[in-house]
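Peer 1:
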Amino acid sequence: TFPAVGWLLFVASPFALYFTGWYPATLDNALLHELLHAHFVLVGALFFWPLIGVDPVPGRVPHPMRVLLLVTTLPIHVILGLTIMSERTVIATDHYSSLGLPWIEPLLDQRVGGGLLWASGDLIGLLMLGAAVVQWKRASEREAEREDRRLDRLEEQASRRAAQQVTDAGGSPR
Numbered sequence: 007t008f009p010a011v012g013w014l015l016f017v018a019s020p021f022a023l024y025f026t027g028w029y030p031a032t033l034d035n036a037l038l039h040e041l042l043h044a045h046f047v048l049v050g051a052l053f054f055w056p057l058i059g060v061d062p063v064p065g066r067v068p069h070p071m072r073v074l075l076l077v078t079t080l081p082i083h084v085i086l087g088l089t090i091m092s093e094r095t096v097i098a099t100d101h102y103s104s105l106g107l108p109w110i111e112p113l114l115d116q117r118v119g120g121g122l123l124w125a126s127g128d129l130i131g132l133l134m135l136g137a138a139v140v141q142w143k144r145a146s147e148r149e150a151e152r153e154d155r156r157l158d159r160l161e162e163q164a165s166r167r168a169a170q171q172v173t174d175a176g177g178s179p180r
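Take any residue in the sequence shown, note its place counting from 1, add 6, and you have its number in this note's numbering.
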C-alpha cells in the first residue's frame, strides 16, 4: 500500500491546497507556510522514493507498476493547471489583492501560474518516468544476464553428464 498511499497524497494534496482554505491560510501564517513546504517535500519523497529510488525500501513494486503510477500522474498536472487557469476568481483573493502588485493583474498572474504548474509538473513527471524506464531496462538486462549464466551452467552440466555417460558405457568422449 506504500506506493498507493504516496500516489494518493501526491495527486490529492495540490487540489486540497488550492481548492480549500488551506492555501490562503498558508499565505498569512509563516508557520503554516513552512509546514506546507515540509508536507510537499515529504509527499514527494513518499511518492518518488519507492518508484525511482535506488535504496531498498518496503513496498517496492515491480517496474511496470512503477511506470504506470508515474504515467497516471501526468494528466493530473494538466487537470490541475487547466483548472487553476480557468478559474474566474483569484485563489486567495484577499491576500493577492492586498499586495497591490503593479506589474500584473492577479487573475492573469494566476493563469500564468497555472500554466507553469502544468508545464513544470509534466516536465518533472516525464523526467521521473524516464528514470523509471531506464531502471526497468537495466534491471531487465541484469536479469537476462543472470538467466544466461544459469542456462550456460545447466548446459555445461548436461554436457559433462553426457560425456560421463559415454565414458561409463565404454566409449570415448569426443
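In this text, a Cβ means the ideal position worked out from N, Cα and C, and glycines have one as well.
Source: prediction; values computed, not measured.
1) Looking at the unbroken alpha helix (DSSP H) that takes in arginine 166, where does it start and where does it end?
2) Could you give the DSSP three-state label for proline 70: helix, strand or coil?
3) Which residues in the same chain as valine 190 place their Cβ atom closer than 8 Å to its Cβ, once the five residues preceding and following it in sequence are excluded?
4) Output the residue ranges of the alpha helix (DSSP H) runs that lie fully inside the region 77-108 and measure 4 residues or longer, sorted by chain position.
5) Do you know whose CA, among Tyr102, Val60, Phe53, Arg94, lies nearest threonine 79's CA?
6) Check whether the region 86-100 touches the region 24-43, taking contact to mean three or more Cβ pairs, one atom from each stretch, closer than 8 Å.
7) Contact check, leucine 76 vs alanine 168 under 8 Å by CB: the rounded distance?
Peer 2: According to the structure shown:
1) The residue you call residue 166 lines up with position 160 of the sequence shown. Unbroken alpha helix (DSSP H) run through arginine 166: 112-174.
2) Start at 1 with the first residue of the sequence shown, and residue 70 comes out as number 64. It is helical.
3) An answer regarding residue 190 cannot be provided, because it is not within the stretch 7 to 180 covered by the chain.
4) 99-105
5) The residue you call residue 79 lines up with position 73 of the sequence shown. Considering only alpha carbons, the answer is Phe53.
6) yes
7) As a first step, residue 76 is located in the sequence shown; it is residue number 70 there, counting from the start. As a first step, residue 168 is located in the sequence shown; it is residue number 162 there, counting from the start. Contact flag wrong, Cβ pair sits at about 49 Å.
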